[in-house]
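Residue numbers (this note's numbering), protein chains in the order written: chain A, 3 to 101; chain B, 36 to 539.
Structure follows, in structure tokens:
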């Protein structure tokens, strides 16, 4: 199979994630879309690693996974705090800060 | 046969010292009784930043070289940024020591009994200090990172602790939590763009190192589509961090919602780190295709300068005003990158230091103006502040004049030199728009001064808190540096001139 198909897939996943962040309103779903973007980057890194025949991209994808895990910990903590004080995880309800 | 990679601890020491201090702080949280924690944490934080700063000074004359298997470049430009970050962070930490900035217990619901009990028991969130130290270590790594993995990891190490401490304000906690959510979601979103851009650059060059990307970009006739897409996506991440205009919408909200001491730290130090990294990436990595990205940067710089200045005029809130002013400054600073020259780097370094100290000082003063419920951020209630506390009002006026670029303040020299560099590189449009937006910006700085000095006090509930010794020291340092750099700019300028080397 042509290896560039993996690149197309990764670009599609990234686009779905990027659009999802803009369209969806629930903080958790937005957060999942961001994770999707990070994983799409991982797929691109690994594919390029295969194309170039060196391991740099694969190593980079491990770093991305660790960083994504850290982000989950902090992100969910923030979202849960907001949910506890407002009983809602919708980003439209978080609108105290306005011009 | 594997060879052990050498790490050059001497060169990495500033970063490692700060990381060590942060880990020590985590241990203190676990093992030291609540009554002593705050004092010990403050001492650890101040001592580590001061030690790391001294270490940076001791190695600042070394020949440019890479460390940690070419992933970190220790050179004049990088070390200057590290020194600036540490000096600014040290002063910013002095303002953290006021014990009423942070929520006593961040996990307690706002307005709940648990929160009231924690306030009554005098509980303090001393976890702030290790978190700030972690953020500083990321900031130290960001401007010296020489490959894409290191850049990404440094970006996240500096951002993630900031997301947390943004949400820890003691008063107006809903606002603060909301700011944390916005900062986190948008910050993670922009990091994802940064990462995908990095992946495309790797696809283009087959290497994560900036030097190899530059070599691949310099090959004539190469297909540049991945390179250009990578530059665009990576710029999104970087421009978000500095708060340039299409990606600035988080800045006012986060600056307003975060605890004011954190805002000062964030506004000054993040900007130094992000501009340091941006300069290195674009000069070392992407200089070969400068004709492709420079016009876009010119446009963004112009929009940022003008947009920030115009939006600031209608603000009623001190912290939001300062936030929009920081957006304007991001536009001015981008002129230093667009200049693409040694003069551009020198003036950008000077600008970052001048802007950083004035910003930290200004936000430090915002923490002092209070009524019975906490800080007063409404500008109209600042009327007649000079009658209540002439010293504080004078210091704030000086910082604002420095933001505006009035002669005899550091801001004037900074603006003058950065516009000179931009002019020398042939970007006259930036200079024209820059001077015009300076004039607009000056209008609202002068309005604040007018409110403080020439209006009668209307609100007796607003008072100026008596600052503690550390806070007074912090404001004094910022005041003196802003004034001295305005009168004797060569003290710093000569140093910046000798520290423009960048590892290719």
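Beta carbons: idealized from backbone N, C-alpha and C, even for Gly.
Asked: Given a cut-off of 8 Å on the beta-carbon distance, is the pair residue 363 of chain B and residue 383 of chain B in contact?; Found: no
Asked: Using the rule of at least 16 other Cβ atoms within 10 Å of the residue's Cβ for burial, across every protein chain shown, is residue 468 of chain B buried or exposed?; Found: buried
Asked: When the Cα atoms are used, what is the spatial distance from residue 272 of chain B to residue 489 of chain B?; Found: 43 Å
Asked: For a contact defined as C-beta to C-beta under 8 Å, what are the partners of residue 25 of chain A on chain B?; Found: Near residue 25 of chain A there are no residues of chain B at all, since even the closest Cβ is about 13 Å away, more than 8 Å.
Asked: Cβ closer than 9 Å: which chain B residues qualify as neighbours of residue 56 of chain A?; Found: 241, 242
Asked: I'd like to know whether the C-beta of residue 59 of chain A is nearer than 8 Å to at least one C-beta of chain B.; Found: yes
Asked: Whole angstroms are fine: how far does the CA of residue 406 of chain B sit from the CA of residue 26 of chain A?; Found: 40 Å
Asked: Out of B/100, B/124, B/162, state which residue places its alpha-carbon closest to the alpha-carbon of residue 113 of chain B.; Found: B/100
Asked: Helix, strand or coil, according to DSSP, for residue 101 of chain A in the structure here?; Found: Note that residue 101 of chain A has pLDDT 45, beneath the 50 cutoff, so the model's placement of it is unreliable and no number is given.
Asked: Under a Cβ-count criterion, where at least 16 other Cβ atoms within 10 Å of its own Cβ denotes burial, should residue 101 of chain A be classed as buried or exposed?; Found: At residue 101 of chain A the pLDDT is 45, less than 50, meaning the model places this residue with poor confidence; the figure from the coordinates comes in the next sentence. Label assigned to residue 101 of chain A: exposed.
Asked: Would you mind reading off the limits of the alpha helix (DSSP H) that contains residue 102 of chain B?; Found: Run containing residue 102 of chain B: none in the alpha helix (DSSP H); it sits in the beta strand (DSSP E), 100-102.
Asked: Are residue 262 of chain B and residue 40 of chain A touching if we call contact CB-CB under 8 Å?; Found: no
Asked: Kindly say whether residue 188 of chain B, judged by its beta-carbon, lies nearer than 8 Å to any beta-carbon of chain A.; Found: yes
Asked: Would you report the Cα separation of residue 68 of chain B and residue 183 of chain B, rounded to the nearest angstrom?; Found: 42 Å
Asked: Threshold first: 4 residues or longer. Then list the alpha helix (DSSP H) segments lying entirely within the region 216-292 of chain B, N to C.; Found: 245-253, 260-277, 285-292
Asked: Please determine if the region 420-437 of chain B and the region 453-470 of chain B are in contact, where contact requires at least 3 C-beta pairs separated by less than 8 Å.; Found: no
Asked: Looking at the secondary structure, which residues open and close the beta strand (DSSP E) in which residue 404 of chain B lies?; Found: 404-406
Asked: Using the beta-carbon of each residue, which ones in chain B are nearer than 7 Å to residue 15 of chain A?; Found: The contacting residues do not exist; residue 15 of chain A stays about 10 Å from chain B at best.
Asked: Taking its Cβ as the centre, do 16 or more other Cβ atoms sit within 10 Å of residue 334 of chain B, making it buried, or is it exposed?; Found: exposed
Asked: Can you check the region 318-379 of chain B for any alpha helix (DSSP H) of at least 4 residues that lies completely inside it and give the ranges in chain order?; Found: 325-348, 353-374
Asked: Determine the contact status of residue 269 of chain B and residue 232 of chain B, defining contact as a CB-CB distance below 8 Å.; Found: yes
Asked: Can you tell me whether residue 4 of chain A is buried or exposed? The criterion is at least 16 other CB atoms within 10 Å of its CB, across all chains shown.; Found: exposed
Asked: Can you round the beta-carbon distance between residue 107 of chain B and residue 179 of chain B to whole angstroms, since I take them to be within the 8 Å contact cut?; Found: 5 Å
Asked: Can you tell which of B/161, B/402, B/275 has the C-alpha that lies nearest to the C-alpha of residue 217 of chain B?; Found: B/275
Asked: On the DSSP bridge assignment, give the partners of residue 409 of chain B in chain order.; Found: B/406
Asked: Identify the residues that DSSP records as bridge partners of residue 532 of chain B: which are they?; Found: None, per the DSSP bridge assignment.
Asked: Which residue's Cα is closest to the Cα of residue 93 of chain B: B/191, B/117, B/381, B/73?; Found: B/117
Asked: Can you check which of these residues, B/530, B/331, B/361, is closest to residue 342 of chain B by C-alpha distance?; Found: B/361
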